[in-house]
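For reference, each letter of the sequence shown is one residue, going 109 to 194 in the numbering used here.
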Amino acid sequence: MRRLLKDARAGRFDALCVYKLDRLTRSLADLLNIVNLLGGDIALVSLTEDFNTDSAMGRAMLKIMGTFAELEREQKPRGCGWRCST
């Protein structure tokens, strides 16, 4: 992650592509920090989620998706695989 952000600041790429936002981070604070560090010069693209951070609605959707990723992380029992039932 440190190298990614360092390369972003150096302008080595113009888009950050992730499979899903929750694969990048499950912390809303971290997501917002990453988006802030990327600035307006680097696009954040998700292969499976449709949002556009160029618009107010897209930025709101990004925050909503980040909130749900964080909620999902907090609801999962610690040390339990995906087949664990509660």
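Yeah, the Cβ is synthetic: ideal placement off N, Cα and C, and Gly gets one too.
Under 8 Å, do residue i and residue j count as touching if we go by C-beta distance?
i, j, result
"Leu129", "Gly174", "yes"
"Ala151", "Ala177", "no"
"Gly166", "Phe159", "yes"
"Val143", "Leu112", "no"
"Phe134", "Arg181", "At residue 134 the sequence reads Arg, which differs from the Phe that was named. Against a cut-off of 8 Å, the Cβ pair of Arg181 and Arg134 comes out as a contact."
Just curious, the alpha helix (DSSP H) that residue i is in, first and last residue?
i, result
"Leu179", "164 to 183"
"Ala118", "It is not in any alpha helix (DSSP H) - Ala118 carries neither H nor E in the DSSP assignment."
"Met155", "The sequence shown places Leu at residue 155, rather than the Met named in the question. No alpha helix (DSSP H) contains Leu155, which DSSP labels as neither H nor E."
"Asp130", "129 to 132"
"Asp230", "Residue 230 lies beyond the range of the chain shown here (109 to 194); nothing can be said about it."
Between residue i and the rest of its own chain, which residues show a CB-CB distance below 6 Å, the 5 nearest in sequence each way excluded?
i, result
"Leu132", "Val126"
"Leu136", "Gly174, Thr175, Glu178"
Count the other C-beta atoms from every protein chain shown that fall within 10 angstroms of the C-beta of residue i, then say buried if there are 16 or more, exposed otherwise.
i, result
"Leu155", "exposed"
"Ile172", "exposed"
"Leu179", "exposed"
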